[in-house]
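Residue numbers (this note's numbering), protein chains in the order written: chain A, 103 to 367; chain R, 1418 to 1764.
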Amino acid sequence: MSTILELDGVIAGYGAGDILKGVDLSVEAGTITCLIGPNGAGKSTVLKTVSGLLRPRKGTVTFDGHAIGRLSPKARLLLGIVHVPQERSLFPAMSVWDNLLMGGYLIKDSKVLRDRLDEAVASFPICRARAGEHAGSLSGGEQKQVELARTLVLDPRLILLDEPSIGLDPKSRQLVFESIRALSSSGRTILLVEQNARSGLAASDFAAVMESGRVQLTSTGASLLENPEVARLYLGAGTAGHATVLAPSTDSPGPSARTPGEEPR
Amino acid sequence: MTRWGLGRGGGFFLVLVALPLFGLQHWVVNLLVFVLMYATMSSAWNLVGGFAGYPSLGHAAFFGIGAYTMALMFHGDVLGSGYEPFIMLPVIALVAAAIGVPIALVSMRTRADVFAIVTITFLFMVQTLAFNLRSLTGGSQGISLPIPPFDAATFERPFYYVLVLLLAVAMLLTFGALHSKVGLALVAVRADEDKARGVGVRVTGVKVLAFSVSVGLTAMVGAVWSYYESFIYPQFAVDPLITIAVVLMTFLGGRATLWGPVLGAFILEAGQQTLAYRLGGSQFYLIAYALVFLVIMLVLPRGILPTLEDRLRMRRRAREVDGAQTPAVELLASDEDKVALPHGGRP
């Protein structure tokens, strides 16, 4: 297994303030990695830093061996990094099919576009079944599936998903996570941010806990689910206390973080 | 294009081409000339107002620009009479489109209601210029064009067939908008301009392109009208009622559809002309316009064709669901109530 994405001492933020205060994270190719943590920990900011919506002030972002920290979002898109934002990004007044076509707007070769559309439809049959309907008339879970299908049109290597299950009922959430696993099994790497930590960890190969702009703990999704401290703080088990710095786990072959307390470079 | 679509389009234009050959009375052919004018202008307006969602109220200004350009070409001895003016129509379209580019660049920085206000302001500016640039336009005295030297028995036919051709061009462009990347981009701009920019659409470019093509078509209709009328006045050449009629026709038939604006023009213009004949020169037909506006807003907020399509789709879906014996309650459920089922909620 090889590392496809690596963040090293990344400091980034909006305006004068820093949100990320030295993030170190590595993501293995073909896996699902989930970022969990309290509101304001910087999870979504990590995704924005990777997709180029935000440029790091310090540190490096490496994708497949190339430093991408200074590249534009479009350049990163062409490298195969696709960001699915938290808010619904479909055009609600356009048909499901037209939304898919908009995903491939930048693709000039019509044959390539056709093949990609076929692949997206094969993975997400809803796109054919409801092709002519307005995307806005679909339920939240269905819309999220169309969003995932739309990312496939760009044939991404790394998909950044920001809270894919937000606002969904349990059944839709399950469906979305099944779709994410299916995307992963087709060889794509997925980095997702999830407030619903239990679902996120259960669906993920690896996970990282973020707090106060740093990655505090990394492990496999399954082992974090069983970690009593994580359960207490993020899974709603026991009495939730205020967020404290977690002890690092050492059993992770996946994403790695430096020991908490170590100063970012 | 489906075979049915091709057949429908071909049949429609065959009927249009054949109609004057059946010895129709002059007033009927005259009515058809005006119906075709409005059908073409509505289809042209639809490219901007329907697809891109920019409700221009300034299109009548370009109708007037086309009309006065034609008149000025005669007065500058650029044109001879006969069929020659028709050959110059593309030049007039280019002139209007060139004027349209800076207007679009400025006005399309605004959206929705503000855009409507900016464009109607432009209309009144052009009207004021038409009234006051006397050396060019003749001011309120109007300006004359040579009487077309066509046989009195079939006087309307050249205008009629040129307008059939212009309508065909407008509908082909609309068809292109429905089946091309540019059209998709325009619809995305209407849906959410910022998201459209986000997925790579060159928003300003497609908007300006749509506006220029649209006003170019409108100017050609204005030019044909001025030659047909042989005398033009500012209050008729740059008339806000033209804009309102065009908008109304597009909304009645259905925005961003191929046939909607044409259907709207055939219903409203035929109705208006008939009412005008019956009620003499009075403006009572404007009351009918207001009533149509009310009916559209209350009964057909999306226009005739989209509403019919929706109803057909719902009926088809209901039949499919009935066939699969799914409880009717699911069909009635609102979006929020929908239960997400695998494969898009379809059993």
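For every residue, glycine included, the Cβ atom is placed at its ideal position computed from N, Cα and C.
Are the C-beta atoms of residue i and some chain A residue less than 8 Å apart?
i: R/Leu1601; result: yes
i: R/Asp1611; result: no
i: R/Ala1605; result: yes
i: R/Val1465; result: no
i: R/Gly1426; result: no
i: R/Gly1617; result: yes
i: R/Ala1693; result: no
i: R/Thr1743; result: Summary for R/Thr1743: the model assigns pLDDT 46, below 50, so the residue's position carries little reliability; its value from the coordinates is reported in the next sentence. False, the Cβ-Cβ gap to chain A never drops below 8 Å.
i: R/Val1608; result: Note that residue 1608 of chain R is Ala in the sequence shown, not Val. It does; some Cβ of chain A falls within 8 Å.
i: R/Gly1677; result: no
Under 7 Å Cβ to Cβ from residue i, same chain only, skipping five residues before and after it: list those, please.
i: R/Gln1690; result: Leu1448, Phe1451
i: A/Thr346; result: Only weak support is given to the placement of A/Thr346: the predicted model assigns it a pLDDT of 42, under 50, and the question is left unresolved by the model.
i: R/Val1604; result: Phe1468, Ala1673
i: R/Ser1498; result: Pro1563, Pro1565, Pro1566
i: R/Pro1437; result: Val1446, Arg1574, Tyr1577
i: A/Arg50; result: Since the displayed chain A opens at 103 and closes at 367, residue 50 of chain A lies outside it and no answer follows.
i: R/Ile1704; result: none
Below 8 Å CB to CB, which residues in the same chain sit around residue i once its five sequence neighbours on both sides are set aside?
i: R/Glu1610; result: Arg1528, Val1620
i: R/Leu1580; result: Val1450, Leu1453, Met1454, Thr1457, Val1638, Val1641
i: A/His344; result: Its pLDDT being 40, under 50, A/His344 is placed unreliably by the model, and the measurement read from it follows with that caveat. So the list is empty, once near-sequence residues are dropped.
i: R/Phe1430; result: Val1581, Ala1585
i: R/Arg1719; result: Gly1671, Arg1672, Asp1727
i: A/Ile282; result: Ile134, Leu250, Leu263, Pro266, Ile292, Leu294, Ala305
Are any of the Cβ atoms in chain R nearer than 8 Å to that of residue i?
i: A/Ala222; result: no
i: A/Gly205; result: yes
i: A/Ser191; result: yes
i: A/Met312; result: no
i: A/Leu173; result: no
i: A/Asp110; result: no
i: A/Ser281; result: no
i: A/Asp200; result: yes
i: A/Ala118; result: no
i: A/Ala195; result: yes
i: A/Leu208; result: yes
Taking Cβ to Cβ, would you say residue i is nearer than 8 Å to residue j?
i: A/Leu327; j: A/Leu294; result: no
i: R/Ser1629; j: R/Ala1521; result: yes
i: A/Gly290; j: A/Pro258; result: Here residue 290 of chain A turns out to be Arg, not Gly, going by the sequence shown. For A/Arg290 and A/Pro258, yes; Cβs fall inside 8 Å.
i: R/Ala1513; j: R/Gly1483; result: yes
i: R/Phe1606; j: R/Leu1626; result: Residue identity differs from the one stated: residue 1606 of chain R is Val in this sequence, not Phe. No, the pair does not count as a contact, with Cβ atoms beyond the cut-off.
i: R/Gly1681; j: R/Met1666; result: yes
i: A/Ile106; j: A/Ala143; result: no
i: A/Gly206; j: A/Arg190; result: no
i: A/Leu262; j: A/Ile138; result: no
i: A/Asp200; j: R/Leu1601; result: yes
i: R/Ala1547; j: R/Pro1651; result: yes
i: R/Tyr1702; j: R/Ala1693; result: yes
i: R/Val1664; j: R/Gly1466; result: yes
i: R/Ala1464; j: R/Leu1590; result: The residue you asked about is not Ala; residue 1464 of chain R is Leu in the sequence shown. The answer is yes: Cβ separation under 8 Å.
i: R/Ser1524; j: R/Val1535; result: yes
i: R/Met1588; j: R/Ser1460; result: yes
i: R/Leu1540; j: R/Val1655; result: yes
So, for residue i: in the same chain, excluding its five sequence neighbours on each side, which residues have a beta-carbon less than 6 Å away from its beta-carbon?
i: A/Gly115; result: Ile121
i: A/Thr341; result: Confidence at A/Thr341 is low in this model, with a pLDDT of 40, below 50, so the placement of that residue should be treated as unreliable; the coordinate-derived value is given next. Excluding residues within five positions, none has a Cβ falling inside 6 Å.
i: R/Thr1660; result: Leu1474, His1476, Ala1477
i: R/Phe1480; result: Thr1635, Gly1639, Ile1659
i: A/Ser286; result: Ile134, Ile292
i: R/Thr1486; result: Ile1509, Val1512
Given 8 Å as the limit, is there contact between the stretch 152 to 164 of chain A and the stretch 189 to 198 of chain A, that is, 3 or more CB pairs closer than that? With the cut-off at 8 Å, the stretch 152 to 164 of chain A and the stretch 189 to 198 of chain A do not touch.
If you scan the stretch 1627 to 1671 of chain R from start to end, which runs of the alpha helix (DSSP H) of 4 or more residues do you find wholly inside it? 1651 to 1654, 1657 to 1670
Is the stretch 277 to 284 of chain A touching the stretch 307 to 314 of chain A, taking contact as three or more C-beta pairs under 8 Å? no
Does the stretch 139 to 154 of chain A come within contact of the stretch 217 to 235 of chain A, defined as at least 3 CB pairs closer than 8 Å? no
For the stretch 242 to 256 of chain A and the stretch 217 to 224 of chain A, state whether three or more C-beta atom pairs, one from each stretch, are separated by less than 8 Å. The stretch 242 to 256 of chain A makes contact with the stretch 217 to 224 of chain A; the number of CB pairs closer than 8 Å reaches 3 or more.
Contiguous beta strand (DSSP E) assignments of at least 3 residues, all confined to the stretch 250 to 317 of chain A: 260 to 264, 291 to 295, 308 to 313
Would you check if there are 3 or more beta carbon pairs closer than 8 Å linking the stretch 1676 to 1688 of chain R to the stretch 1721 to 1733 of chain R? Taking 8 Å as the limit for Cβ pairs, the verdict is that the stretch 1721 to 1733 of chain R does touch the stretch 1676 to 1688 of chain R.
Any chance you could list the beta strand (DSSP E) runs of at least 3 consecutive residues sitting entirely within the stretch 128 to 161 of chain A, in chain order? 134 to 138
Hey, which unbroken runs of the alpha helix (DSSP H) at 4 residues or more fall wholly within the stretch 1441 to 1494 of chain R? 1443 to 1462, 1476 to 1492
Where in the stretch 1591 to 1627 of chain R do unbroken runs of the beta strand (DSSP E), each at least 3 residues long, occur, reported from the N-terminal end onward? none
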